[in-house]
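These notes concern the structure reproduced below.
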Amino acid sequence: MEIELTEREFMYPGHVGCPGCGAAIAMRFVLKALGEKMMMVMPACCWSVIAGPYPTSTLKIPVIHSAFETGGATASGVRAALDMKGDTETTVVTWAGDGGTFDIGFQALSGAVERNEDFIYVCYDNEAYMNTGIQRSSSTPYGAWTTTTPGKDWKKMRKKNIVEALVAHRIPYAATASISHPEDLIRKVQKAKSIKGSRFLHIFASCPTGWKIPSEMAVKIARMAVQTNIFPLYEVEDGLHYTINLKPKRFPVREYFKIQGRFQHLTDQDLEVIQKMVDDDWALLLRKAGEHA
Amino acid sequence: MKQVLEGSQAVAEAVRLARVQVISAYPITPQTHIVEFLSDYCATGKMNAKFLRVESEHSCMAALIGAQSTGVRTFTATSGQGLALMHELLHWASGARLPIVMAEVNRALAPGWNIWVDQTDSLAQRDTGWIQFYCEDSQEVIDTTLQAYKLAESVALPVMVVLDAFFLSHTYEPVDLPEQEEADRFLPPYEARFELDTKNPCTFGPLVPPAVYMEMRHDMAAAMDTALTNFARIEDEFEQIFGRRYGAVEAIACDDAEIVFVTSGTVTSTARLVLENLRARGEKLGILKIKLFRPFPFEFIRKALKGAKKVAVIDRNFSFGASGIFAQEVRAALCNAEVHAPVFGYIAGIGGRDVTPEVLEEIYWKTKNNAVPERESVWIGLQEVRHGN
Amino acid sequence: MAQKSQAQLTAENPIHIMPRSTQSTEANKTGSWRYLRPRYEEKTAPCSAACPAGEDIGKIEMLTTQGLFKEAWETILRENPFPGVCGRVCFHPCEGACNRGEFDDAIAIHSIERFLADTAERNDLKPLLERLPSRPEKVAIAGAGPSGLAAAWFLTLLGYTCDVFEASAEAGGILRWGIPLYRLPLTALRREIAQIEAQGVRIHTGRPVTADFLKDLERSYQAVYLACGHARTTALRVPGEEMDGVGDGLKFLEKVRNGEPPPVTGVCAVIGGGNTAVDVARSIVRLGGEALILYRRRRRDMPAFGDEVQMALEEGVKLTELVAPARVEKDGGRYVVTLRQMKVTGEEGGRGRVEPDDDKTIEVVVDRLFKATGAEAAEGWHNPPAADTGTLALSHCTLATRDGRNTLAWGGDLTNDIKSVVHAVASGKQAAIALDTLFREGPDAILPKFDACVVGNGPSLSMEVYMGGERRLRNRHVVSYGEINTDYFRYAPRMTQPRLVREERVRTFTEIDLRVSGNIAMREAERCFNCGLCNQCDNCHLFCPDLSVIHDQSAQGRHINYDYCKGCGLCVVECPRNAMTLEEEIR
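Just so you know, the protein sequences line up as chains Y, C and H, in that order. Per numbering that gives the first Met the number 0, residue 0 is the first one in the first sequence, and the count goes up by one each step. Per numbering that gives the first Met the number 0, residue 0 is the first one in the second sequence, and the count goes up by one each step. Per numbering that gives the first Met the number 0, residue 0 is the first one in the third sequence, and the count goes up by one each step.
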């Protein structure tokens, strides 16, 4: 792979992420892409714990932990203060999980984006409330087991499309990215850095613990999500211009579902339904990008 | 300079004089005028500050926590439901040791919707680690707001300046508005003890295990205690420049009083009128106005009430399942004194019900004519309301 | 004044403790969580295991990709002194084993090998190879063919003095006197022989090793390696075989190589199905004749390289399958060859089993007939003895240790089942290692020593490993296609080596396969998975969630920080080429 990435690390080892934690990989990439002139707002999420307990922190940049709902709002305040101090170089980044973005944090995010606050909001998505023990969020995909969607009550609602929700705000820049495609992810982070106003990155960050897969499969499973069009890589500028970054060979979704413990209960029929949903969503995305299936 | 200002504008002017840098507010009656004035000052350049038009009060406090942590002076105002919504983050602001100042307009809590004065909203936040001042008039609001910044920054705890809905927020009064130069002499520019700084990175608010959390809370408790002494020193400085002081409590005619009213907010000014009337008729009434509620000025209260034969606390609030909150706190202050007067608790003026001189007289006579309180709290002025269910 | 009082107030009210972290998490050694431990461990690529000379092919391709052509070339020379030859004439079993073949197309390993040799030639490169200190023993070698010259090469690297005795006027054996120029130009061959001499090997041409000369050699040399090859064509054993018009295929090729091609106008039949038969046929075409190959089995059973057969047919060579000679009779100036027709009665060892189809026969009339049905040792005593005490029969050579006398060894076509150049090189290497072990430690140490330097599951040996090079650290496990993470590779077609077109080919003996540019060679080498080898792709460092893969100045370029490594295994899975291993953590 050809990536131009600084050799510098902005994290220390010794953090308490699970072995194979996709969120740790995502953080490492984003920090490297943004550099040291950044401040991070971190509402409650796995990383609130991963960062380590008082008096330590795994992050070498300034961080403010904040309450669960407040990712968008706290960042707005940090940005306003920096502006008042005349600091035009420091990037404000909110680093939130899917809970703090899709659900409890959605209001603050929507408010901040509607005001076009000048910050980058990064949602690392492990598709459930993992920090509190694998409970369902609106980001949990259709078909998944979680502790609050157990047994036959597996999640029968679709995964909320957060990027589309923000695109409706005419956000200057929104993009999806995956830990399995680092060049694409880093390019998008660097592109986001150069844009003013609200920018949103939705990073697919696999969770071996919550998805019941072996830790060594974390990157591979993220790659499979992209290759099956379950998690397409695309960008939207100004809420209008769609660019699809990768058009994979359309691998069937079956393989992706079969190797994850959280999907073990799905029957062949369920998988057919899911395949159709994925195909329809992909066709919709193509239309938005002005292309045809 | 003497001006006639609406109470809300008095707040806004004090915020301007304090050179606040980031304001974030969400409108709720009857705080709206404060927000509108500040919005206007920022837009016209009368104030050099950023105004964040957040989408809820919870986000409001979150934004200020973010801004203050980045090293600037901040302000917000809210009321009733808004304050209740902020509750989680009030705890956060004090735990984070951020000297945020907030104007809180006392308003009743829903349901049903009631925009009028009631102290339950602010008192329900008495455990959050915020310093609380209850103001009687617009002058006090201006002075207290300026002092609030100095006090907050000296102990690294946030301060709530509480004023009554409509009676203060929407009433025009003549006030002596300080000049900017005087205000600057009293209150220097903000210097943060700690801030988010790329040159000196650190992490605020990490996971804290039981081994150290207790010590952090103790530090806050100690800071609250210090706030009490600091306030007196700050009032000294304020008096030197502006010629005014208020005290954590104000004891009016308490030395020879047999019955002492304990009041707060605008009820105090009504009580002053009733005091004059009753004293003129030979009744030995005194008033103890409580301005500083948190930290609770135990010693001042014990001292002021030492000679009283009876204490009548007037609460424009209620803690369900217990009693009026000021009464609870006064009882607690007195209970370990060797000798203390019985404390009669009265509930009046709930949800904007007027506390007239007649109401206060009723309270006086009830107190005088009963040897001991008939119950924990006596509700004054209850009516039989008969409308269909 | 306000400033001062505020500063005083603040100083008097310090915060003793608050929720704010200023230390790193480095004190938390998360390595204690681990129950599996990753480590860098290179393994064996299937190509190198399939190569009879055990060339470190994955490494060669990696170096070529990096533009390190000299280093890549030297890597070949450590295991095989004939890259220019093998890159042209080897049957490349490596390509059959190539894992990339299951992904899209196998790597054109032979093209790259040839390119590297051509590059060395064009730039007149001199190799810098490891050599062991000089040893007193001297070895005589009979026959300067691929096996003998390879043995001399390896023995010289091991520190021995070698004298090669060659009967003919020039060294090379089958390379000089058998394989036609259009497959192997003289310059390429001469260069590699000169390179062998440059290492210190002395080649004495015009010195045939007779039985008597052998006795002399036995007195002055501690060992004699007999690599005389199979110089005599096997007889057809049919009536009429002795006639003038029935020639020896090998002798024909020799004459052509000597610049004295016999006249072959008219129809010339060639009996046989191996490379020699095809070489003879294609040479005939180039000399103006019509060639007809007569083979007892089917085309697909022919031992000759399929590519050669294809080109032969394109060049106009005719092929008659399922015929065997019965007798040859003269008819005026021409010859009538009676052929028994054969039929296939089953499959056996990958080839058809044939027997005569009743008494059916056909006749062909030809102007000349060449025998190319196989070869055998020119003298009976060239052959190795039967297994006996004191005789060690190894996979590619035989050793006879005799008390009180020197050692005799045999290799090349004399001992090998598969008679090819690369197998001959394997013989030379095996003999060199066996003799070195024999001299230093004795005969019992030979098999254990072989075990210690085998590539994959054998029988190929690695001289680099034997001499203690870095390759000895490689795990024997042969990497299979399933162990490659193909997510990191895109489909890319195999290179095409340009070739003379048919019209150009049939006129001359000019080399058919043309040179390729460095660009083409590097791009092809880049397709190589480098199975089991670390090519510094840095995926491990990139994906480690615990920052436990640390860049350093070591040869590996990185190491694992076991203080923090949690053993998640991501590095091992994301290594595209299985150059890491995950094993149980032992505490």
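For glycine and all other residues, C-beta sits at the position ideal for the given N, C-alpha and C.
| query | Which two residues bound the contiguous alpha helix (DSSP H) that contains Arg326/H? | reply | Careful: Arg326/H lies outside any alpha helix (DSSP H), inside the beta strand (DSSP E) at Val322 to Asp330.
| query | What is the rounded straight-line gap between the Cα of Lys1/C and the Cα of Ala48/C? | reply | 25 Å
| request: Out of Thr202/C, Ile99/C, Gln131/C and Glu56/C, state which residue places its alpha-carbon closest to the alpha-carbon of Thr24/H. | output: Thr202/C
| task | For Asn456/H, collect the residues of the same chain with a Cβ closer than 8 Å to its Cβ; drop the 5 residues on either side in sequence, then sort them by chain order. | result | Ala48, Arg475 and Val477
| query | Listed from N- to C-terminal order along the chain, which residues in the region 191–223 of chain C have their beta-carbon within a distance smaller than 7 Å of any beta-carbon of chain H? | reply | Arg192, Phe193, Cys201, Thr202, Phe203, Gly204, Pro205, Val207, Val211, Glu214, Met215, Asp218 and Ala222
| Cutoff 6 Å; reference Met310/H; Cβ partners in own chain excluding five residues on either side | none
| said: If you reduce the DSSP assignment to three classes, tell me which class Cys253/C lands in. | reply: coil
| said: What would DSSP say about His229/H, mapped onto helix, strand or coil? | reply: coil
| query | Can you find a CB in chain Y that lies within less than 7 Å of the CB of Gln124/C? | reply | no
| request: Measuring alpha carbon to alpha carbon, tell me which of Ile24/Y, Ile229/Y and Arg198/Y ends up nearest Ile119/Y. | output: Arg198/Y
| said: I believe Ala141/H touches Val245/H by the beta-carbon criterion, under 8 Å. Please report the beta-carbon distance rounded to the nearest angstrom. | reply: That pair is no contact at about 30 Å.
| message | Could you tell me the alpha carbon to alpha carbon distance between Cys570/H and Arg586/H, rounded to whole angstroms? | response | 22 Å
| message | Taking 8 Å as the cut-off, does the region 368–387 of chain C touch the region 338–349 of chain C (at least 3 CB pairs, one atom from each stretch)? | response | yes
| query | Candidates Ser167/H, Ala10/H and Glu40/H: which alpha carbon is nearest Ala554/H's? | reply | Glu40/H
| Curious, which full-length beta strand (DSSP E) runs of at least 3 residues does the region 118–178 of chain H contain? | 137–141 and 160–164
| query | If you count every other CB in all the chains shown that lies within 10 Å of the CB of Lys31/Y, and 16 or more means buried, which is it? | reply | buried
| task | Can you tell me which of the three DSSP states Asp356/H falls into? | result | strand
| said: Could you compute how far the alpha carbon of Arg330/C sits from the alpha carbon of Thr143/C? | reply: 27 Å
| message | Looking at chain C, is there any beta carbon in it that lies within less than 7 Å of the beta carbon of Met466/H? | response | no
| request: Have a look at Ala26/H, Asp412/H and Lys359/H and flag the residue whose alpha-carbon is nearest the alpha-carbon of Ala323/H. | output: Lys359/H
| request: Please report the residue range of the beta strand (DSSP E) in which Ser109/Y lies. | output: It is not in any beta strand (DSSP E) - Ser109/Y instead sits in the alpha helix (DSSP H) that spans Phe105 to Glu113.
| task | Starting from the N-terminal side, write out each stretch of the beta strand (DSSP E) that is 3 residues or longer and does not extend beyond the region 157–212 of chain Y. | result | 172–177 and 197–203
| query | Leu546/H CB to nearest chain C CB: under 7 Å? | reply | no
| field | For Gly468/H, the nearest candidate out of Leu115/H, Pro492/H and Leu131/H (CA to CA) | value | Leu131/H
| field | Three-state secondary structure assigned by DSSP to Lys155/Y | value | coil
| query | So Pro18/Y packs on Trp32/H, CB below 8 Å; how close in whole Å? | reply | 7 Å
| query | Span of the alpha helix (DSSP H) holding Phe292/C? | reply | From DSSP, Phe292/C is part of no alpha helix (DSSP H) but of the beta strand (DSSP E) over Leu291 to Arg293.
| said: According to DSSP, simplified to helix, strand and coil, what is Tyr220/H? | reply: coil
| request: For Arg114/Y, go through chain C and note every residue whose CB falls closer than 9 Å to its CB, in chain order. | output: Leu51, Arg52, Val53 and Glu54
| query | Is the shortest distance between the beta-carbon of Ser56/Y and the beta-carbons of chain H less than 7 Å? | reply | yes
| field | Chain-ordered neighbours of Glu25/H on chain Y, where CB pairs are closer than 7 Å | value | Tyr11, Pro12 and Gly13
| request: Indicate whether Ala66/C and Gly76/Y have their beta-carbon atoms separated by less than 7 Å. | output: yes
| query | Does Arg222/Y come within less than 7 Å of chain H when only Cβ atoms are used? | reply | yes
| Limits of the unbroken alpha helix (DSSP H) element including Met213/C | Pro209 to Phe241
| message | So, with DSSP's three-state summary, where would you put Gln274/Y? | response | helix
| said: Below 7 Å on C-beta distance, what does Ile24/Y contact in chain H? | reply: Phe542 and Pro544
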